[in-house]
Amino acid sequence: MSERTRERFDSLVDKHQELALTDTAHVFGVFRREDGVHLGMVDFSTLARDDFQWGRIGYTIHNQYWRIGYGKEAVEAADYCLTSLAMFFTTE
Numbered sequence: 001m002s003e004r005t006r007e008r009f010d011s012l013v014d015k016h017q018e019l020a021l022t023d024t025a026h027v028f029g030v031f032r033r034e035d036g037v038h039l040g041m042v043d044f045s046t047l048a049r050d051d052f053q054w055g056r057i058g059y060t061i062h063n064q065y066w067r068i069g070y071g072k073e074a075v076e077a078a079d080y081c082l083t084s085l086a087m088f089f090t091t092e
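When the letters of the sequence shown are read in order and numbered with UniProt numbering, they come out as residues 1 to 92.
Shown next as structure tokens:
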């Protein structure tokens, strides 16, 4: 936990913004609805933008929140977002 400083967090946010600008990855925080506690992250990694769209969804949940269903809920929400926004990523 000694590495979990404000400077480290700011650096991580900067790196995530850089990845988004280059369309390499898009990283989103996962927070508990009731109290805003940070549970982890969901990321979309771009693997191909060609005649087809190919990417990866990943997630990280802090270990104290494992086996409660937060990972499943985060991935379901990510899938819903991708499905809902798919029209913006077509090459037509």
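The beta-carbon is built from N, C-alpha and C at its ideal position, and this holds for glycine as well.
- request: Sort R32, Q64, G40 and A25 by Cα distance to A48 and report the nearest one.
  value: A25
query: Who are the Cβ neighbours of M41 in its own chain at under 8 Å, not counting the five residues just before and after it?
result: Correct list, in chain order: V27, F28, G29, V30, Y59 and T60.
- prompt: Tell me the DSSP bridge mates of residue 93?
  reply: This structure cannot settle anything about residue 93, because the visible part of the chain is limited to 1 through 92.
- request: Report yes if the C-beta distance between L82 and H62 is below 8 Å; otherwise report no.
  value: Between L82 and H62, the C-beta gap is not smaller than 8 Å, which leaves the two residues out of contact.
task: Taking H26 as part of the beta strand (DSSP E), name the residues at either end of that continuous run.
output: A25 to F31
- prompt: Opposite G40 in the DSSP bridges: which residues?
  reply: V30 and I61
query: At which residues does the alpha helix (DSSP H) containing E18 begin and terminate?
result: E18 -> alpha helix (DSSP H) spans R6 to L21.
- request: Look at I57 and D23 and say whether their C-beta atoms are less than 8 Å apart.
  value: no
- prompt: Hey, would you say G36 sits closer than 8 Å to T46, going by beta carbons?
  reply: With contacts defined by Cβ atoms closer than 8 Å, G36 and T46 do not form a contacting pair.
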